[in-house]
Structures are given as C-alpha cells and as structure tokens.
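Asks:
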C-alpha cells in the first residue's frame, strides 16, 4: 500500500493579470520525504507554495493538504517558514516562540545550542542565520506533519546552512513530509526528490541523476572568458559562467571550438558532466511542457 | 545632476499617492482656507420666547435667523432649546430689558451674538452666556481635541501597526496559523482601543483639572459617544492598512483622512461660518459628530435624547466603516476564499505579480 499523500497539486494554474505564474503543475509530497522545489528566481516556486497553503486561490486545478482543501484546520498540522521568516523583529526570541506556540496550542520550543542565552534578545538583533533557526523552531514546535520551507538557507553561511539541512533531514526521518524551495542548485543533493520549475511550469522531476540524465556539457577555458561568453551567446548556445569558466550545456564540443575559432578566441574546450543547473537551462530553452 | 532630476521625476510620476499630495493638497488647502477659514458667523439660529415673542422676532436684525417663536415659553424652555443645540441664542421677552441667553459652547457664534447685542444696548437687552460664561477657547477646544487624539490613534497608529505586519511578512504567517481572522483583527485592534480609551480619560481629566473645563453631562453618554467614534476611526485605520503596502503609504493616506477632520469638523473654523459648498464635507466627517457629542455632554450637559442625531450618524458610520474595513482586512488573511480572483498577491503585500 502506498504512503498517503500529504500535499498534492493537480493541474494547478495561477495567473496574475493574464500572465501565468504557475501553469498546469501537478506534484505531491509524501511522509518522510524531502522534496526540493528548484528553479530560478521568477520560476513560480513561491507562488506554487502559496497555492498549496491556500494563501492564494488557484485559477485552475486543485490543491490538497492532508487530504482536503488547505483550510485553517488542516494548516494546524503544517509548519511554514516563509522567505521573510514571519518573525516579529521587535519581539524577543522567547516572545516569538511563545506567541507561535500559543497560536498552535503547543509548548514553546526548546532553544538550540546556538540560541541558548538568546531568549531575551530581540529577533531583529540576531544574525540572519540565528533568525532562521528561530523561525525553524517556531515552525516545528507543534510537531507538524508537513513542513514547507521557502528558501530556508538563503543568505546563510555554509556552516549554518548545513545545520539547517540537518534539521530538515531530522524532520523527514521522523515522518514529516518536507517541501523546500531553493535556488542553490548544490542543495539539490540534500533532497530525496526534485521538482524543477521553469517559466511557471514543472519541467522535470525525479532524483538529481534522473533529471540530469545523459545531458552533456562543455567547459571552455580561456583567458578571454568575456569574449568567449559573448561569442557563444551570440551563436545561440546555452552558455553559463561558473566563476571564470565558461560552460555550455548540451552542445557539440567540435561545434563550440569552431565558433570560438571563428571569433578568433584561443580556448580549450573539454567535455564534462552536466550539472543540474545546466540541465535546467536546457529544459528552460526547450518548449515548456508539464511532466507532473 | 540632470540624470538625478529625470530619475526623480520618473519615480514621482509613478508614485500616485505622493503625486496626489503634491497636486491635491494645495487644492484642498486653497478650498479650505478660501471657503472655510472664516471665524465670522454671519447668521445665528435664534429662538424668541415669552409674551412679546412675535413682535420681538419681527424686530430682530437679519443676523438673527429666527427658527423658533414660542410666546407661551419661558426661561426654562429657553435653556432646553440651548441645551439641545436647537438654536444658538434665545431671546426671552416679557421683561425689560429682554434677556438673551447665549450658548457659549458654540464659541464663535456666541462671540458674534454678544458683539451684536452689545450694540443694541443693555437698556433693551441683557446678555447671559450659558455653558461657557467667559467664552474661553480652551473650554470648546479640549472636548474637540479629545476627538482629535482618538482620530490620531485610530487612523495613523492603528494603520501603521497593521501595515507593519504586511511589510515584515508576518501577515502571511498569521494567515497560515490556526487563528481565526476575526481573532487576529480583534487581537490587533483591542490594544489600540484600550490605549485610545486611556488617552481619552487622561486628556479629559487633565482638561478638567488644568483648564477648568466643566463636565456637566452624563459620563456614560460621553463614553458611549467616544466608543462609537473609536470604532469609526479604528475602522478607518484598518481600511487605510488594506490599501497601503508600506508604513510610509499608510501615513500619507492617514494624513489625507486626518487633515480635513482638523480643518472642516468645526473644531477650528465654525461650520456655520463655512461656505455651503465646503460645509457639507464637514458633515461627512466623524469628528464633526464626536465634537457635537463631547461639547454637548461636557459643556451643556446634553442628554442622549438631545444628541440623537450625532449618535445616529456615528452609529451608522461605525457599522459601515468598521465592518467594511474589517471585511477587507479579513480578505487579506483568508484570500483562499476568493477563488479565481485575478489579482496580485495580497498576503505578501506585493502589488506586482510574483512568480519567484
């Protein structure tokens, strides 16, 4: 028997002034899994989350939270950390946690090691990393069945980011379904399953390996990376920059060499494994199509 | 510098509220100070009572707009007419000199009446100013200032408090929490209601102690009027918060609501002295009616019955404004009810469609 679905979107669309922000998206989240919702800024991730939480009405399709419409009663079993964190900056850590706990009828969360001694500190005086920890504590105090995190590691240093992912994994291990958005593609590996959004549509889903598949990429190494980038871009190649390395996804190495030679740019072009970011770029260039 | 100027104009062109202030405010001030800023009352509502009432009424100069002529009435009836704010002055005939009872709570009208009657001569009429015998400005201003303080807290402070939830993103968190929208709204508004009530008591007591303003009426009638008025101004504050995305916008918008209340409610310039075209604006403002109640109760000891009109208007305003505003705010907290609404995100407070 399959696990019950905690969150489900069925052919959901949402438009603003006729412009689609989420277009025909179907997806689900099951207990104990961490589902990563990836996409560039403007891909539709936050809008999809707001639709799933019932904070925005759908234009078409339907959403389910814990087996029904995302109403107040079902949201009682939800933990949500929005991009803005949803904390009162002019209240202390303790006061914020007490308010949230009281709203959910739970006991206030215990402070983590990093926050110990900060109960009386105003949230606005904490570093962003610690503020995110407080937001996590507030969202987890009532032991939610579903945890929705919108860009939870944005602006956080790598160590704090790792600690937050530890917390996310712990929640999943105890059976919570986690839906997390991020635009850090390297965080994709932390997720059990990925949903890739581009231009309001769900363009791929599965594990990182499933999504990247056999997509090839080329790395162009040259001193004149700016000229190489411009030449390849002008040739219509899906070109990206990784530091000073110019990378091109899903393109023939010999063709790239020819383009660069024609532009008079001395460069070394080698075939490399594509990253999920490059796969996403390729998908975005293709005709959008819902796969969920 | 040229680039800076062009950039500034482009921003200004798109900032409709600021543009509205820049264009609308000078026009508003021109209209107000052109047509409303007038301390001189050209005509006063007058009653003439006593045996020679009919003859005396016919002999009065046109300054006295005689609306009541009651030959059978005496001084007691005259005081009732003044207490109920039916007229500004009552000429009591049947004695020589006749007695003119003047309502001192209507300061500018009273000053004009006293001035005109002094010219008539004390051998023909003696003047007695009731409710504010020394025609002190503080006595009529303090009851109005109580209303102004309530307006300030109700509109500006409340709207800022609510908009801050939207600005910081906590409104979205509140929408997700299992708290009923009505509980959120009441929870947000109650502290302001309480603080405004305490302010009102403090200002009233200080007005009495420091300025000797009398409190002749029933405290409960005053409290009822203040409560109704608070609901109206709190409703305005909530409404402003629903049409503002930032604290700055809320303050700008509240200013638009506050300014006419100060200038056109009769608090500074007497309504009777305003041009008819502007006076009707004053009659749309809640502070106009609260001032009628506060001055009526404190100075004249007016009863609920005699103040039925301002109470009725404030009740209607309270129901319409407070209900409408809280329903609008509720929609922000429970947007899922508006299926298929093709608008920008409400909870997030962003007018621009966000697809991030």
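Protein chains in written order, with our numbering: chain A, 13 to 304; chain B, 149 to 504.
Ideal Cβ placement from N, Cα and C applies to all residues, glycine included.
On a predicted model such as this, the values are computed, not experimentally measured, just so you know.
What three-state label does DSSP hand residue 389/B in the structure shown?
Replies: Reduced to three states, the DSSP call for residue 389/B is helix.
Asks: What does residue 98/A reach in chain B if we use C-beta pairs closer than 7 angstroms?
Replies: Correct list: 317, 318, 320, 321.
Asks: If you drop the 5 nearest sequence neighbours on each side, which residues of the same chain put their C-beta closer than 7 angstroms to that of residue 97/A?
Replies: For residue 97/A, where only same-chain residues beyond five positions count, the Cβ hits under 7 angstroms are 143, 144, 147.
Asks: Taking the C-alpha atoms as reference points, what is the distance between residue 477/B and residue 325/B?
Replies: Taking the straight line joining both Cα atoms gives about 16 angstroms.
Asks: With a CB to CB cut of under 7 angstroms and the five nearest residues on each side skipped, what residues in its chain are close to residue 233/A?
Replies: The answer, listed in chain order, is 257, 279, 280.
Asks: Buried or exposed, going by whether 16 or more other CB atoms sit within 10 Å of the CB of residue 130/A?
Replies: Classification for residue 130/A: buried.
Asks: Answer with yes or no whether the minimum CB distance from residue 333/B to chain A is below 8 angstroms.
Replies: By this cut-off, residue 333/B is not an interface position.
Asks: So residue 337/B contacts chain A; which residues on that side make the cut at Cβ distance below 7 angstroms?
Replies: Chain A residues near residue 337/B: none, gap ~17 angstroms exceeds 7 angstroms.
Asks: Put residue 220/A into one of helix, strand or coil per three-state DSSP.
Replies: Residue state, collapsed to three classes: helix.
Asks: Compare the beta carbon distance of residue 159/A and residue 122/A with 8 angstroms and say whether it is the shorter of the two.
Replies: No.
Asks: Excluding five sequence neighbours on each side, which residues of the same chain lie with their C-beta closer than 8 angstroms to the C-beta of residue 507/B?
Replies: The structure shown does not extend to residue 507/B, since chain B spans only 149 to 504, so no value can be given for it.
Asks: Name, please, each residue of chain A whose Cβ falls closer than 7 angstroms to the Cβ of residue 327/B.
Replies: The contacting residues are 115.
Asks: I need the straight-line Cα distance from residue 79/A to residue 85/A, nearest angstrom please.
Replies: Rounded to whole angstroms, residue 79/A to residue 85/A spans 12 angstroms at the Cα level.
Asks: Count the other C-beta atoms from every protein chain shown that fall within 10 angstroms of the C-beta of residue 152/B, then say buried if there are 16 or more, exposed otherwise.
Replies: So residue 152/B ends up on the exposed side.
Asks: Who pairs with residue 247/B in a beta bridge, going by DSSP?
Replies: 240/B, 274/B.
Asks: Leaving aside the five residues before and after residue 26/A along the sequence, list all residues of the same chain whose C-beta is less than 7 angstroms from its C-beta, in chain order.
Replies: Closer than 7 angstroms at Cβ, skipping near neighbours: 33, 34, 59, 63, 68, 70, 71.
Asks: Is the beta carbon of residue 292/B closer than 8 angstroms to that of residue 439/B?
Replies: Yes, they are a contact pair.
Asks: Is the CB of residue 65/A under 8 angstroms away from at least one CB in chain B?
Replies: Yes, its Cβ sits closer than 8 angstroms to a Cβ of chain B.
Asks: Out of curiosity, what's the CA-to-CA distance linking residue 179/B and residue 405/B?
Replies: Using only the alpha carbons, I get a separation of about 16 angstroms.
Asks: What is the DSSP secondary structure of residue 437/B, reduced to helix, strand or coil?
Replies: Helix, per DSSP.
Asks: What are the residues in the stretch 193 to 208 of chain A lying within 8 angstroms of chain B by C-beta distance?
Replies: Within the stretch 193 to 208 of chain A, no residue has a Cβ that lies closer than 8 angstroms to any Cβ of chain B.
Asks: For residue 252/A, which residues does DSSP report across the bridge?
Replies: BP columns for residue 252/A point to 259/A.
Asks: Given this structure, state the Cα-to-Cα distance separating residue 220/A from residue 295/A, to the nearest angstrom.
Replies: Each residue's alpha carbon lies about 14 angstroms from the other.
Asks: So what's residue 476/B in DSSP terms, helix, strand or just coil?
Replies: Looking at residue 476/B - three-state DSSP - the assignment turns out to be helix.
Asks: For the stretch 145 to 210 of chain A, which segments carrying the alpha helix (DSSP H) assignment without a break, of at least 4 residues, lie completely within its bounds, in sequence order?
Replies: Fully enclosed alpha helix (DSSP H) runs of 4 or longer: 170 to 185.
Asks: What in chain B is Cβ-close to residue 94/A, meaning under 7 angstroms?
Replies: In chain order: 317, 320, 321.
Asks: Anything in chain B within Cβ reach of residue 134/A, meaning under 7 angstroms, just list it in chain order.
Replies: Per Cβ cutoff of 7 angstroms: no residues; residue 134/A is ~13 angstroms from chain B at best.
Asks: Compare the C-beta of residue 324/B against all C-beta atoms of chain A and say whether one is closer than 8 angstroms.
Replies: With 8 angstroms as the cut-off, residue 324/B counts as an interface residue toward chain A.
Asks: Counting only C-beta atoms, is residue 101/A closer than 8 angstroms to chain B at any point?
Replies: Yes - at least one Cβ of chain B is within 8 angstroms of the one on residue 101/A.
Asks: Does the stretch 149 to 169 of chain A touch the stretch 92 to 109 of chain A, meaning 3 or more C-beta pairs lie closer than 8 angstroms?
Replies: Output reads yes: the stretch 149 to 169 of chain A touches the stretch 92 to 109 of chain A.
Asks: Could you please give me the residues that DSSP links to residue 92/A through a beta bridge?
Replies: Paired residues: 160/A.
Asks: Anything in chain B within Cβ reach of residue 90/A, meaning under 8 angstroms, just list it in chain order.
Replies: By Cβ distance, chain B contributes 324.
Asks: Can you list, in chain order, the residues of its chain whose CB lies under 8 angstroms from that of residue 165/B, leaving out five sequence neighbours each side?
Replies: Closer than 8 angstroms at Cβ, skipping near neighbours: 397, 400, 401.
Asks: Does the CB of residue 385/A have a neighbour CB from chain B at under 8 angstroms?
Replies: It is not possible to answer for residue 385/A, since the shown part of chain A is limited to 13 through 304.
Asks: Threshold first: 4 residues or longer. Then list the alpha helix (DSSP H) segments lying entirely within the stretch 405 to 462 of chain B, N to C.
Replies: Complete alpha helix (DSSP H) runs here, min 4: 424 to 430, 434 to 443.
Asks: At a Cβ threshold of 8 angstroms, is residue 87/A touching chain B?
Replies: Yes, residue 87/A counts as interfacial toward chain B.
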